[in-house]
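Okay, structure first, notes after.
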Amino acid sequence: MTIRISARTGIVIAGLALSAVPLLKLPAFYESFMYLVFYWVVLATSWNILSGYSGYFSFGHGAFFGIGMYTTATLAGQLGVPFLWTLPIAAAVSALFGMGLGAIVFRVGRLRGELFALITLAVTFVVATIVLNTPIDGGQGVNLGGVKLPALMATPAATLYMLALALAVATVWIAHAIYQSRLGLGLFAIHDDEDVAEVLGVPTFRFKIVALGISCALAGVAGAIHAMFVSYVTVGETFSVFVPLTVVLMSVLGGTRHWLGPAVGATVITGLLYVFTAGDFAVAGRAAVGLILVVVILFMPDGLMGRFVHAARKRPAAEEGSPASPAVPPAAPPVPGRAAIPGGEPLLTVRGLVKSFRGLRAVDGVDLVVKRGEILGLVGPNGSGKSTMINVISGHYRASAGSVVFAGRGELAGLPAHRVAHAGIARTYQIPRPFSHLTVLENVALPGMFGRARLARPEAEREARTWLEFTGLAAKADALPEDLNLHQRKFLELARALASRPQLLLLDEVLSGLTPSEIDGAIRTIRAIRDQGATIVFVEHVMRAVMELTDRIVVLNNGRVIAGGAPADVMARPEVVTAYLGKPHAAVA
Amino acid sequence: MSLPSATLLAQSVLSGVFIGALYGLLGLGLSLSWGMLRQINLAHFALAFLGAYLTHQLTGSAHWDPLATLLVIVPAFFLAGVVLQLVFARFAITPFNSLLVTFGLTVIIESGIQAIWTADPLMLDTAYGHAKFKLGALYVPLPELLTLLLSTALAVLTWAALRFTDLGKAMRAATEDAKAAAAFGVDVQRLSLLLSGVSAAFAGVAGLCLALSFTLAPSQIYAWIGVVFAAVMIGGLGNPLGPLVAGIVIGVSESVTMAITAPAWAPLVSFTLLIFVLLARAEKI
Numbered sequence: 320m321t322i323r324i325s326a327r328t329g330i331v332i333a334g335l336a337l338s339a340v341p342l343l344k345l346p347a348f349y350e351s352f353m354y355l356v357f358y359w360v361v362l363a364t365s366w367n368i369l370s371g372y373s374g375y376f377s378f379g380h381g382a383f384f385g386i387g388m389y390t391t392a393t394l395a396g397q398l399g400v401p402f403l404w405t406l407p408i409a410a411a412v413s414a415l416f417g418m419g420l421g422a423i424v425f426r427v428g429r430l431r432g433e434l435f436a437l438i439t440l441a442v443t444f445v446v447a448t449i450v451l452n453t454p455i456d457g458g459q460g461v462n463l464g465g466v467k468l469p470a471l472m473a474t475p476a477a478t479l480y481m482l483a484l485a486l487a488v489a490t491v492w493i494a495h496a497i498y499q500s501r502l503g504l505g506l507f508a509i510h511d512d513e514d515v516a517e518v519l520g521v522p523t524f525r526f527k528i529v530a531l532g533i534s535c536a537l538a539g540v541a542g543a544i545h546a547m548f549v550s551y552v553t554v555g556e557t558f559s560v561f562v563p564l565t566v567v568l569m570s571v572l573g574g575t576r577h578w579l580g581p582a583v584g585a586t587v588i589t590g591l592l593y594v595f596t597a598g599d600f601a602v603a604g605r606a607a608v609g610l611i612l613v614v615v616i617l618f619m620p621d622g623l624m625g626r627f628v629h630a631a632r633k634r635p636a637a638e639e640g641s642p643a644s645p646a647v648p649p650a651a652p653p654v655p656g657r658a659a660i661p662g663g664e665p666l667l668t669v670r671g672l673v674k675s676f677r678g679l680r681a682v683d684g685v686d687l688v689v690k691r692g693e694i695l696g697l698v699g700p701n702g703s704g705k706s707t708m709i710n711v712i713s714g715h716y717r718a719s720a721g722s723v724v725f726a727g728r729g730e731l732a733g734l735p736a737h738r739v740a741h742a743g744i745a746r747t748y749q750i751p752r753p754f755s756h757l758t759v760l761e762n763v764a765l766p767g768m769f770g771r772a773r774l775a776r777p778e779a780e781r782e783a784r785t786w787l788e789f790t791g792l793a794a795k796a797d798a799l800p801e802d803l804n805l806h807q808r809k810f811l812e813l814a815r816a817l818a819s820r821p822q823l824l825l826l827d828e829v830l831s832g833l834t835p836s837e838i839d840g841a842i843r844t845i846r847a848i849r850d851q852g853a854t855i856v857f858v859e860h861v862m863r864a865v866m867e868l869t870d871r872i873v874v875l876n877n878g879r880v881i882a883g884g885a886p887a888d889v890m891a892r893p894e895v896v897t898a899y900l901g902k903p904h905a906a907v908a
Numbered sequence: 038m039s040l041p042s043a044t045l046l047a048q049s050v051l052s053g054v055f056i057g058a059l060y061g062l063l064g065l066g067l068s069l070s071w072g073m074l075r076q077i078n079l080a081h082f083a084l085a086f087l088g089a090y091l092t093h094q095l096t097g098s099a100h101w102d103p104l105a106t107l108l109v110i111v112p113a114f115f116l117a118g119v120v121l122q123l124v125f126a127r128f129a130i131t132p133f134n135s136l137l138v139t140f141g142l143t144v145i146i147e148s149g150i151q152a153i154w155t156a157d158p159l160m161l162d163t164a165y166g167h168a169k170f171k172l173g174a175l176y177v178p179l180p181e182l183l184t185l186l187l188s189t190a191l192a193v194l195t196w197a198a199l200r201f202t203d204l205g206k207a208m209r210a211a212t213e214d215a216k217a218a219a220a221f222g223v224d225v226q227r228l229s230l231l232l233s234g235v236s237a238a239f240a241g242v243a244g245l246c247l248a249l250s251f252t253l254a255p256s257q258i259y260a261w262i263g264v265v266f267a268a269v270m271i272g273g274l275g276n277p278l279g280p281l282v283a284g285i286v287i288g289v290s291e292s293v294t295m296a297i298t299a300p301a302w303a304p305l306v307s308f309t310l311l312i313f314v315l316l317a318r319a320e321k322i
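For the record, the sequence lines run as chains A and B. Using the working numbering, you'd call the opening residue of the first sequence number 320 and step up by one each time. Using the working numbering, you'd call the opening residue of the second sequence number 38 and step up by one each time.
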């Protein structure tokens, strides 16, 4: 809390201090130089809100910025609209353009990052061509010499200085506010693993669009102000590759995972560009900037702020308990939830579910009922469709046909995964997929904030600690997932699924790869979870655990249900034995 | 907008094919290193221009035959590609960081070119440059024809090598799953060095073609990036024939657009084409 107040106050104080500079009556050169620093701070920081936080690198920042520039050039330069009025319009036009683009590109599932980067690059050329060939520019450039700058300060240079400063302060403030907010946490989760973020309830599509909109709006205002600064706007200068690449360079140098990183990078690079490229050494200066980029990426991929934060973060000393000990749940699980409801009524009803991948029908007309309060074992040989079932129910894959009805929520088939999560379904992954750049605590707090409960962050973190306690990971709360061993990661997976307070928990081979004593601990933990009222679908190959834990099992083979009923009974049936072990010799008789 | 004569239209289709062949040649190395090594190598363009300037130097001042310069440039560039891959492997560079590092390299090479040959435009003056012959009513300039032949030959050779030789099969296996390929005895590290070297050598060949047909200026390096990436993306990553085919489609549509409307509208064609192809292809996951 204290950090939060001091950081934002710090931004405002820095802004106020810098606003005194024009009073010093320094030569105009200083104001112009400082203007350029602020200008790049705005561009780099606004770029980072989408691209740094979520990992969707945009090379279209030149287009978003240029749209703002030409909005002002057209409105103020050609239509006589007062300059200050054009600022919000530039923000709006740029944001609408960006969000429209995002609405198209973000719908595409695969190749997301690379596709987005290239499309934004291509769009820059398209926008440039349109502007160049229409009366917006007409190939001549737009001269803004005649546009009146409001006399906010004594000189025009001081006025532009103040406008850029105000925008820079606002941009860094917004970047920090987002960094601390749900939106920020959601974007960081998207950066690490978008599919998992979606499954845990993050509305990934909307978040990306919102972040892109904010990013574009700020770049648009920067363009609007810059149009007045350069006073002669041309397509060649505005839409060059130089703007997006410089912005990327600044952000990467400063550190894209930190709200202040791009501002630091922008200040350093603007200074370097000035020192190196002014005067007789322009060529050497460019080469030096190129060299700095290469060296920074190779030796400091997290950037200056990344390195700073890394050094400042105190890692808890690694604790090596006996492998089985963390798995033992506390006597009474600290559960926010209801008492166990006796089984009987259906919680999830699957009818005629089909999922095909091109020709292959991985799930081929499955009917399945999960009753409230039970542990249903879903078993079958490899490739029988178990994991696909989980992927379809959780909304990761869209069903090709059939229906999935969840008690109280109706039809789930066709809903995006985050809506399924909001309905109260959580899942784990067979191979743990933690958010690698978030701490263990943040990993577990996230589903509380985005799941059914929609908790505020402090509350979600408090609850996350009880789940870490429950799964024996409390000592690792501030560690990064890479510091955990496989067994601990499996439990992190479990804690994360529980933290969304699911009504239905889908466990995908949580026991695979664990030692027998670890499995014993895990079985106790899963029992404890059921005892607080969760319903569990348990996909597992460890038959001992299946027999011990489940109330009922369903056997899949080649995407179809081949048997169902009490565990001991079902596993003895010849068709089940055939599916698992091949043709039984008994069949000959 | 009036429709130009059939001859003019045919001539612009032909020049579209020629420019498209150069897009394809530049895109070939790019596509291989992106598709198979996961490197987005912006420095490919800088290397091509470096090759072009070297060709210019060797033919202009030392009076070599332009084609003979390949004897020096191709091995030298192959080596440069190997070194680049060694560095990338040493630092375990991600695809995005490879983009940034090679952008840095591009700026360094561009500055080097400017320091040595100045920013003034250079045009190579050789016997090839003036040679052109008439095919019916159409003019066929020799340098452009050479580009088309080289581009097609290299694309087909690469395709055949990847498809029919053991080395090529090993390479495709390594692209599919490096760990599995290594388990079957494929030396993935050596293959990636070879591939990176070949890709850089292709940049050298593209440099020769650039020097023969175009005016050289350091800032021109950036002019090719957008459209060649479009050809690579449309052609499909790692597919040796893709950039050539896509490059020719782009080149022809550009030059026909130029003939029908104003030349300045040409970029709109290629990039709109790119956006539609990307979206259409990405939808069918």
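C-beta: ideal position from N, C-alpha, C; glycine also. Just so it is clear, the structure is predicted and the values come from calculations on it, not from any experiment.
For residue i, three-class secondary structure by DSSP
i: glutamate 859 of chain A; result: coil
i: serine 831 of chain A; result: coil
i: tyrosine 498 of chain A; result: helix
i: tyrosine 551 of chain A; result: strand
i: glutamate 730 of chain A; result: strand
i: leucine 229 of chain B; result: One point to set straight first is that residue 229 of chain B is serine, not leucine, in the sequence displayed. In this structure, serine 229 of chain B counts as helix in the three-state DSSP scheme.
i: leucine 697 of chain A; result: strand
i: leucine 406 of chain A; result: helix
Counted within 10 angstroms of its Cβ, other Cβ atoms place residue i as buried (16 or more) or exposed
i: leucine 345 of chain A; result: exposed
i: tyrosine 176 of chain B; result: exposed
i: lysine 527 of chain A; result: buried
i: threonine 44 of chain B; result: exposed
i: glycine 454 of chain A; result: Correcting the residue identity first, residue 454 of chain A is proline in this sequence and not glycine. Result: exposed.
i: glutamine 397 of chain A; result: exposed
i: lysine 795 of chain A; result: buried
i: histidine 100 of chain B; result: exposed
i: glutamate 693 of chain A; result: buried
i: threonine 790 of chain A; result: buried
i: proline 304 of chain B; result: buried
i: glutamine 822 of chain A; result: buried
i: arginine 843 of chain A; result: exposed
Bridge-paired residues (DSSP) for residue i
i: arginine 846 of chain A; result: Looking at the DSSP assignment, arginine 846 of chain A forms no beta bridge with any residue, so it has no partner.
i: threonine 668 of chain A; result: A:Val688 and A:Val724
i: alanine 462 of chain A; result: Inspection of the sequence shows that residue 462 of chain A is occupied by asparagine rather than by alanine. Partner(s): A:Tyr551.
Residue i at chain B interface by Cβ criterion, 8 angstroms
i: glycine 640 of chain A; result: Reliability fails at glycine 640 of chain A, whose pLDDT of 39 lies under 50, so the model's placement of it is uncertain and no value is given.
i: glycine 714 of chain A; result: no
i: glycine 884 of chain A; result: no
i: alanine 606 of chain A; result: yes
i: isoleucine 438 of chain A; result: yes
i: threonine 448 of chain A; result: yes
i: leucine 506 of chain A; result: no
i: isoleucine 616 of chain A; result: yes
Contact with chain A by residue i, beta-carbon distance below 8 angstroms
i: proline 280 of chain B; result: no
i: proline 304 of chain B; result: yes
i: leucine 316 of chain B; result: yes
i: tyrosine 60 of chain B; result: no
i: alanine 296 of chain B; result: no
i: asparagine 276 of chain B; result: no
i: glycine 190 of chain B; result: According to the sequence shown, residue 190 of chain B is alanine rather than glycine. No, no contact with chain A.
Beta carbon proximity, residue i to chain D, threshold 8 angstroms
i: glycine 64 of chain B; result: The displayed structure is made up of protein chains A and B, and chain D is not among them.
Distance cut-off 7 angstroms: residue i Cβ against heavy atoms of the ligand PLP
i: alanine 818 of chain A; result: Among the ligands in the structure shown, none appear at all, so the ligand PLP cannot be discussed.
Mind listing, in chain order, the continuous alpha helix (DSSP H) runs of no fewer than 4 residues lying wholly within the segment 239-311 of chain B?
262-272 and 279-297
Threshold first: 4 residues or longer. Then list the alpha helix (DSSP H) segments lying entirely within the segment 130-208 of chain B, N to C.
132-154, 164-167 and 179-201
Within the segment 72-111 of chain B, ranges of the alpha helix (DSSP H) (whole runs, at least 4 residues)
80-97
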